[in-house]
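Inspection log for the structure reproduced underneath, given as structure tokens.
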Amino acid sequence: MAEAIVVRDLDVDFTNVPRFWLFGSATATAISNGVNMLFPHGERFFVRSVKYFKDEIDDPVLRAQIKAFFGQEGHHAHAHDRFNQILRDQGYEIDRFLEGYKRISTWLEKHTSPRFRLAVTAAAEHFTAIMAEGAFKQDVLDNSAPEMRALLAWHAAEEIEHKSVAFDVLQKIDPSYGLRVRGLAFATVTLGGFWIWGTLTLLRQDKVGLRAALDDLNGQRKRDPIVRRVFLRGIRQYLRRSFHPSDNHDEHLAAEWFAARGMSMPEAA
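Following this note's numbering, the numbering of the sequence shown begins with 15 at its first residue and continues without gaps.
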């Protein structure tokens, strides 16, 4: 895990983001927006799950990283809240979905233990770090509208930067392999289920049927599919008893991506 985690802010106006901002494709955009819609509530859940145990952590380095993790995730939630408003402005009816997502996830949060929620957060953070790595390695960012490129690159870079925090807190609080695996199973089902639900919500409003969406995806086979790249790879790695998020040596990806385009990360908040 990196010794320093930097809290940055993003100042981007999403007003002119086109409806199909990724590859000019309704399907690809809906898949990305499907997970983007989950971030505000999801990021705040991650913060609550880690914050519950903050006072039990006596390692000063990890405590500093936890504080920065809170700051980064808070900024991410706020930025995606702003983007969700753009989806509303574009005519998408997303609030019924968001209300259902929040209602179900809040019920689940109330009926699970703090340690289990921490285990779910650690697993979900592993998945988001893999998504972040893919954003830099695949051609996703360079085929996005400029505003979304800025949002996703910033978010992806910081997900990689703090990818070990929740896992390290879990290892301090309860290193049980069984708990880790239960958290992984829950995170896989809920993230996958909510993501599919959100994607279908958007595709229906664009009048894109399932067959047309699958045909669109089949025409884009040169990109590594999300299911294989994120979920199958993520599960396989996480089930290894000796696994640690730092095993994925991807910290250089963000710096290289920005440098190759003559860009830099946003300034620290």
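Glycine included, every Cβ here is placed at the ideal spot set by N, Cα and C.
Predicted model only: the values in this text are computed from it and were never measured.
Mapping DSSP to helix, strand and coil, what is serine 46? The residue labelled residue 46 in the question sits at position 32 within the sequence shown. Serine 46 falls in the helix class under three-state DSSP.
Which runs of the alpha helix (DSSP H) fall wholly inside the region 120-164 and span at least 4 residues, in chain order? 128-151
Tell me which residue opens and which closes the alpha helix (DSSP H) that aspartate 103 is part of. Residue mapping note: residue 103 aligns to position 89 of the sequence shown, counting from 1. Looking at the DSSP string, the run of the alpha helix (DSSP H) that includes aspartate 103 is 74-103.
Closest by C-alpha distance to aspartate 23, when choosing among Ile100, Asn47 and Leu165: Sequence index remark: in the sequence shown, residue 23 carries index 9 (1-based). It is Leu165 whose Cα lies nearest to the Cα of aspartate 23.
Quick one: what does DSSP say arginine 22 is sitting in, helix, strand or coil? In the sequence shown, residue 22 corresponds to position 8, counting from 1. Here arginine 22 sits in strand by DSSP.
How is leucine 36 classed by DSSP in three states: helix, strand or coil? To locate residue 36, count along the sequence shown from 1; it is residue 22. It is a strand residue.
Taking contact to mean 3 or more Cβ pairs, one atom from each stretch, closer than 8 Å, check whether the region 83-101 and the region 143-158 are in contact. no
Tell me, to the nearest whole angstrom, how far the beta carbon of valine 134 is from that of phenylalanine 200; I am working on the premise that it is less than 8 Å. As a position in the sequence shown, residue 134 is number 120, starting the count at 1. As a position in the sequence shown, residue 200 is number 186, starting the count at 1. 5 Å between Cβ atoms; contact.
Please go through the region 181-261 and give each complete alpha helix (DSSP H) segment of 4 or more residues, from N-terminal end onward. 191-219, 224-232 and 247-252
Span of the alpha helix (DSSP H) holding glycine 56? The residue you call residue 56 lines up with position 42 of the sequence shown. Element bounds for glycine 56: 53-65.
For the 8 Å Cβ check, are there 3 or more pairs between the region 75-84 and the region 263-272? No: fewer than three Cβ pairs fall under 8 Å.
Run of the alpha helix (DSSP H) containing glutamate 270, from where it starts to where it stops: Residue numbering aside, residue 270 sits at position 256 when the sequence shown is read from its first letter. 266-274 is the extent of the alpha helix (DSSP H) around glutamate 270.
For the candidate residues Asp156, Arg243, Ile118 and Lys221, whose alpha-carbon lies nearest to that of phenylalanine 141? By one-based count along the sequence shown, residue 141 stands at place 127. It is Arg243 whose Cα lies nearest to the Cα of phenylalanine 141.
Tell me, to the nearest whole angstrom, how far the beta carbon of lysine 177 is from that of proline 259; I am working on the premise that it is less than 8 Å. Translated into positions along the sequence shown, residue 177 becomes position 163. Translated into positions along the sequence shown, residue 259 becomes position 245. Their Cβ separation, rounded to whole angstroms, is 5 Å, which keeps lysine 177 and proline 259 in contact under 8 Å.
Could you tell me how far apart the beta carbons of threonine 41 and aspartate 230 are, in whole angstroms, since I believe they sit closer than 8 Å? Residue 41 sits at position 27 when you count from the first residue of the sequence shown. Residue 230 sits at position 216 when you count from the first residue of the sequence shown. Contact holds; Cβ gap of about 4 Å.
Taking just the CA atoms, how far does glutamate 172 sit from glutamate 139? Here residue 139 refers to the residue found at position 125 when the sequence shown is read from its first residue. Here residue 172 refers to the residue found at position 158 when the sequence shown is read from its first residue. Distance between the alpha carbons of glutamate 139 and glutamate 172: 11 Å.
Here's the rule: buried if 16 or more other CB atoms are within 10 angstroms of the residue's CB, otherwise exposed. What is glycine 38? As a first step, residue 38 must be located in the sequence shown, where it is residue number 24. So glycine 38 ends up on the exposed side.
Report yes or no: do three or more beta-carbon pairs, one from the region 202-214 and one from the region 59-67, lie closer than 8 Å? no
In chain order, what residues of the same chain lie with their CB nearer than 7 Å to the CB of valine 26, ignoring the 5 residues before and after it? On the sequence shown, position 12 is the one that residue 26 refers to. Only Glu161, Ala164 and Leu165 meet the Cβ criterion.
C-alpha distance - histidine 89 paired with serine 119, whole-angstrom precision: In the sequence shown, residue 89 corresponds to position 75, counting from 1. In the sequence shown, residue 119 corresponds to position 105, counting from 1. For histidine 89 and serine 119, the distance between alpha carbons rounds to 21 Å.
Residues near leucine 76 by beta carbon distance below 8 Å, same chain, minus five either side: For the purposes of this step, residue 76 is taken as residue 62 along the sequence shown, with counting starting at 1. Val179, Asp182, Val183 and Lys186, listed in sequence order.
Alpha carbon of glycine 223 to alpha carbon of aspartate 109, nearest angstrom: For the purposes of this step, residue 223 is identified with residue 209 of the sequence shown, where counting begins at 1. For the purposes of this step, residue 109 is identified with residue 95 of the sequence shown, where counting begins at 1. If you take the alpha carbons of glycine 223 and aspartate 109, they lie about 21 Å apart.
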